[in-house]
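**Student:** Have a look at this one before I ask anything.
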Amino acid sequence: ARRSSRSASRRSASDASSQRSASGSASRSQNRAASANGSNEPEWKEVRATEEKLKAAKKELNEAQECGETLKAEAAQMAGLAEKADKAYEVAKVRSDDAEDKLKEAQAEADTAVSQLHEAEKTVQMATKAHKDAADQHIAARSRVKRATEALSNTSEDLDKATAKAQEADIKRREEAAQREEAARRAEEKVAARDRSRSGRRSPSRRRSRTGSR
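Residues in the sequence shown are numbered consecutively from 271, following this note's numbering.
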């Protein structure tokens, strides 16, 4: 029951992580579409590189989860084998005790039971060791899943930061472009005003002189 509860908790955590990842991916796709004009900027190159890291972290997480489920099944199988071996050991022990009471009448049966007892002991030892090894591997797999989950979380944070940085850079570039356009417009207005002022200051005699020369 405890193993089932832990498995359900891990599946719930994995599903929640997948949902957060899917939501983050949708949001990041919208950000990339909204900032397509800056796709060649260094900040967006960093965004794409971080997305590749995120894909690799997701793949590592999936592999670790699959490995954990496989080892869990193997551990359950080894536990069943150990239980069967324990029962066989108890049966062989009872038969050995009975055979010892009837040693004179059934020495052969006693020898057989003792032999079965030894074999059962070996089976118990091997099954116990196999169960312990499977449990250790399962623990290692859980640690691997945890590390992969942490790596996925860190990579998602890096991607969010890189996206925010790229968006800020886009905003700054747009503001600077607007400022340059405004400065150019004002400069043109000043030149036009200066030309109008010069035209207004021309004397009538100068204009007549220019007309006569023509």
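Built from N, CA and C at the ideal position, the CB exists for glycine as well.
Counting only runs that start and end within the region 377 to 431, where is the alpha helix (DSSP H) found for 4 or more residues in a row?
**Tutor:** Qualifying alpha helix (DSSP H) stretches: none in this window.
**Student:** For the candidate residues E336, D403, E370 and V415, whose alpha-carbon lies nearest to that of A345?
**Tutor:** Position 75 of the sequence shown holds residue 345. Comparing Cα positions, the closest option is D403.
**Student:** Is the separation between the beta-carbon of A411 and that of L331 shorter than 8 angstroms?
**Tutor:** Residue numbering aside, residue 411 sits at position 141 when the sequence shown is read from its first letter. Residue numbering aside, residue 331 sits at position 61 when the sequence shown is read from its first letter. Against a cut-off of 8 angstroms, the Cβ pair of L331 and A411 comes out as no contact.
**Student:** Roughly how many whole angstroms lie between the Cα atoms of T433 and A405?
**Tutor:** Residue mapping note: residue 433 aligns to position 163 of the sequence shown, counting from 1. Residue mapping note: residue 405 aligns to position 135 of the sequence shown, counting from 1. Answer to the nearest angstrom: the Cα atoms are 42 angstroms apart.
**Student:** Could you have a look at A292 and say whether DSSP puts it in helix, strand or coil?
**Tutor:** By 1-based counting over the sequence shown, the position of residue 292 is 22. With a pLDDT of 49 at A292, under the threshold of 50, the modelled position of that residue is not reliable, and no figure is offered here.
**Student:** Mapping the DSSP letters down to three states, classify E336 as helix, strand or coil.
**Tutor:** On the sequence shown, residue 336 is found 66 positions in, with the first residue counted as 1. Of the three classes helix, strand and coil, the one that applies to E336 here is helix, per DSSP.
**Student:** Go ahead and label A463 buried or exposed: buried means 16 or more other beta carbons lie within 10 angstroms of its beta carbon, across all protein chains shown.
**Tutor:** Here residue 463 refers to the residue found at position 193 when the sequence shown is read from its first residue. Exposed: under 16 other Cβ atoms inside 10 Å.
**Student:** Suppose contacts are defined by Cβ-Cβ distances below 8 angstroms. Is A362 in contact with E370 by that definition?
**Tutor:** Stepping through the sequence shown from its first residue, residue 362 is reached at position 92. Stepping through the sequence shown from its first residue, residue 370 is reached at position 100. No.
**Student:** Does V415 pass the burial test, meaning 16 or more other C-beta atoms within 10 Å, or should it be called exposed?
**Tutor:** Sequence index remark: in the sequence shown, residue 415 carries index 145 (1-based). Answer is buried; the Cβ neighbour count reaches 16.
**Student:** Quick one: residues in its chain with C-beta nearer than 6 angstroms to the C-beta of Y359, no 5 flanking neighbours on either side, listed in chain order?
**Tutor:** As a working note, residue 359 is residue 89 in the sequence shown. Excluding residues within five positions, the ones whose Cβ falls inside 6 angstroms are A390 and V394.
**Student:** Under 8 angstroms, do E313 and A436 count as touching if we go by C-beta distance?
**Tutor:** One-based indexing of the sequence shown puts residue 313 at position 43. One-based indexing of the sequence shown puts residue 436 at position 166. Yes, the Cβ-Cβ distance between E313 and A436 is below 8 angstroms.
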